[in-house]
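Read the structure below first, then the notes.
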Amino acid sequence: MATATQRLEQALNRKMIFGPGRIVTRVALLNTGSFAQMMTADLPTEKSFFIRIDANRKIFVHVLLALLVGFALPCDKAFPQASDSDQPWANVSGRILLEGKVPEIPLEKIDGHKDRSICLVDGKIPTDDSLVVDETGGLRDVFVILTPLDSETKIPVHPSYHKAANTTLELDNRNCRFVPHAMAVMTGQSILLKNSDAVGHNCKIASFNNEHNVNLPAGGEAEIKLELADRIPANVACDIHPWMDALILAKDHPYVAITSVDGSFQLKNVPMGKWKLQFWHQRFGYLRKLSVPGVKVDRKGRIDLDLADAQAMELGSMKLPVSAIK
Amino acid sequence: MKRCSSFCILAIAVLACAACGPAEPIEFRYNAVEQLKQERLFMDEGEHFPDSSREEVTSILKILFGTPDRPQRSDEAAAILDLTRLNMAAGPVESEIDGTPHGLYREHCAHCHGISGDGAGATAALLNPYPRDFRLGKFKFKSTPLRTPPTDRDLTRILHNGIPGSAMPSFRLLPDEEIAALVDYVKYLSIRGQLERTLLAEISSLDGESLFEIEQSETAPEIDSMSADEVPDAIGPEFLEDIVARWQNADERVTAVPAAPAGFQIGHADHGNLTSQGRELFFTKGNCTQCHGETAAGDGSTVNFDDWTNDWLKTPGIDPYDRESWKPFMALGALRPRPVQPRNLNLGVFRGGDAAEDIYRRIANGIEGSPMPASAALSSNEIWALVAYVKSLVHANDKFSKP
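First to last, the protein sequences are chains U and P.
For the working numbering, add 614 to where a residue sits in the first sequence, where the first one is 1.
At position 383 of the second sequence the residue is numbered 371 (the working numbering), and the sequence of numbers has no breaks.
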């Protein structure tokens, strides 16, 4: 017993751990520091504890009631993991409609800028494109993101995407707007930043995990990559024309759809299994107020997606109240 | 001049207060601005993190980094932080019998950069640009590209030279080991701040639940069944390790500066040509006039805020020009948003150093945290031509100002 205790103590003292299924802190902290005090509210002193982070990145504090009897290493839950080749795949589709009176969309703040004439679209000042709704209520630029139940699980990728990952996507600067306004890329996939305007831009991309600031002279272009996956899209901005903005979401899989002008989306060749589908929009954040017939939407704008043998999963029309705008 | 004297009075007032105030233990300031931002980004109006979050984050950071008086260095950071140095820089200002100083950071830096390195020390609000907030891990004047931390050499240089044209002074007179201690302490505050932000983001991803969940495992089995080697293997810090790894690899990511073309030498037969090529590029492919203006006076066009401000200012529902909308952030310690100006290049003041190599790297890599972009499409000779032109603006100015 003594050797086990020593070993545990050693191991725990050696490292702080942050990572799935791992132990986080050291023993014998109970009488020091505020962390310890927080623990002692519920616990007798002199007891030891350790912390692990489970596969969902949730941190658990384990309290060993007997003084270091030993401890259990958390075992990772097993998830159904289909092999790439012989499994069926399904297409998932739906449509997102805005409900309620759409607020008036303001014009971009172009007036007074020295590049005004070049920034007009068909001779007119364009409207802000952070909220684009068609006459039927279809909401453009909602990111529809397939997420595993667990951060450890890798989503199997259909062979049809293997080539797509090596194609270069384009983000143009045209009439002082980014075209397209919203895009999804895979980590490491090339993005060609283009400037079709007769004036210079800079293209500044910033997210929690990625950053670029590219000088784009008139007619110029440059290739970049986003190397790390993000939770929500990166902001794309131009410092020279402050009204310009766009969104790019980098994920380590190709299953991100963006709603088109009528609010519809389709995710093709999604692997069978239990997943979540998450909805995010620039002006709403996670679409927690989305109503999907017969399905519960959680606080992170996610629904359960259980693909058993369906070849196609049609989620139908989903309604989102205008009042949920942030 | 006026600004300087009000700054001095304030500094004296700060020192005086420190001397007379009650001896409360000095704590790192919690990043409440980041918490509010995360709440606005990921929760509904009126919803907040659980009350326990603040204590949880503070506790984890305390375990890993200690306090302003007693720094800790976790093993993950051992490769890049030296505990002896941290002890020299941390704590109240005093020295040991053998003369070893303590409290260098509080003595030389905290009134501007803040005890926590949040860039919001007592004098910060008066300065333009604001002192650096180290917690984002972003630095402007370095030899590495965007999203790569500065090398120790870069930070040492900043401390030696200061940042001309800003309030950041030179600490040239400090002995080398004190500079080294301060460099480590800047990295320590920066890594601590980055981990704090990461933990807060993690809390928001946990759906408003607590970071800790107490599970009482009464029958915890079998440590004996694990071999001694297995245990450390199972233990691998993720967030902190990621952050530390980026700092650790900075040296390998230094942007190489190729030799300048012969014509770069003033007096060389090709010098005039190179400079006029640079001028041409400044107006065309270099895109420089868009921000710096045709006379390079820094009046090209309106520009945005810097990254330290944008970090919270770009939260949904905030309008940079509507004071009311950002008041809640200021109440928690954010500094008033101030737009950044492109540099007036005629003045000959280069904040990141006026050596040709420095200006080369500014143009090649851009200036992290600011609108100044990295040149993606310019060849190294084109960049050298731009450096020659930028330098010629200063010489032209010299001539101009001499009688």
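Even glycine gets a Cβ: it sits at the ideal position worked out from N, Cα and C.
Only a predicted model underlies this, so the values are computations on that prediction, with no experimental measurement involved.
Just measuring C-alpha positions, the residue of P:I355, P:L374, P:F16 sitting nearest L177 of chain P is P:F16.
Taking 8 Å as the threshold, the shortest C-beta distance from P740 of chain U to chain P does not fall below it.
With respect to S744 of chain U, R845 of chain U sits apart: the two C-beta atoms are not nearer than 8 Å. For S192 of chain P, the enclosing alpha helix (DSSP H) begins and ends at 164 to 193. DSSP, reduced to helix, strand and coil, places F879 of chain U within a strand of the structure shown. According to the DSSP secondary-structure assignment, N829 of chain U is paired through a beta bridge with U:N816, P:S363. DSSP places D786 of chain U in the strand class (E or B) of the three-state scheme. Two segments are said to touch when three or more pairs of C-beta atoms, one from each, lie closer than 8 Å; by this definition the stretch 124 to 141 of chain P does not touch the stretch 317 to 333 of chain P. Pairing G305 of chain P with D742 of chain U, the inter-Cα distance amounts to about 15 Å. The C-alpha of V936 of chain U lies about 11 Å from the C-alpha of V747 of chain U.
If you look at V870 of chain U, you'll find it in the beta strand (DSSP E) that goes 870 to 872. Contact check between the stretch 108 to 122 of chain P and the stretch 145 to 156 of chain P: three or more CB pairs, one atom from each, fall below 8 Å, which counts as touching. Nearest C-alpha to K777 of chain U among U:E784, U:R791, U:A864, U:Q803: U:Q803. Using a Cβ-Cβ cut-off of 8 Å, A820 of chain U counts as an interface residue toward chain P, since at least one Cβ of chain P sits closer than that to its own. If you check the CB distance, S289 of chain P and I854 of chain U come in under 8 Å. Secondary structure at I146 of chain P: helix, using DSSP grouped into helix, strand and coil. Pairing H772 of chain U with I759 of chain U, the inter-Cα distance amounts to about 16 Å. Contact of D57 of chain P with chain U is not assigned, every C-beta pair being separated by 8 Å or more.
Taking the C-beta atoms as reference points, K890 of chain U is found nearer than 8 Å to L919 of chain U. As computed with DSSP, Y900 of chain U is found in a beta bridge with U:W894. Beta-bridge analysis with DSSP links N849 of chain U to U:A820, U:L861. At least one CB of chain U lies nearer than 8 Å to the CB of N275 of chain P.
With a beta-carbon spacing of about 26 Å, M886 of chain U and S905 of chain U fall beyond the 8 Å limit used to define contacts. Judged by DSSP in its simplified three-state form, G91 of chain P adopts coil rather than helix or strand.
About 7 Å separates the Cβ atoms of A860 of chain U and L785 of chain U, confirming a contact at the 8 Å cut-off. L134, R135: these are the residues of the stretch 120 to 142 of chain P whose beta carbon lies less than 7 Å from some beta carbon of chain U, given in chain order.
Closest by C-alpha distance to R73 of chain P, out of P:A169, P:E370, P:H280, P:G87, is P:A169. Residue state for F792 of chain U is assigned as strand, using DSSP reduced to three classes.
The stretch 93 to 100 of chain P and the stretch 309 to 320 of chain P do not touch, with fewer than 3 CB-CB distances between them shorter than 8 Å.
Going by C-alpha positions, V245 of chain P is about 16 Å away from Q253 of chain P. The closest CA to that of N292 of chain P, considering only U:H815, U:L734, U:E713, U:G908, is found on U:H815.
In the three-state scheme derived from DSSP, where H, G and I count as helix and E and B as strand, V716 of chain U is classed as coil.
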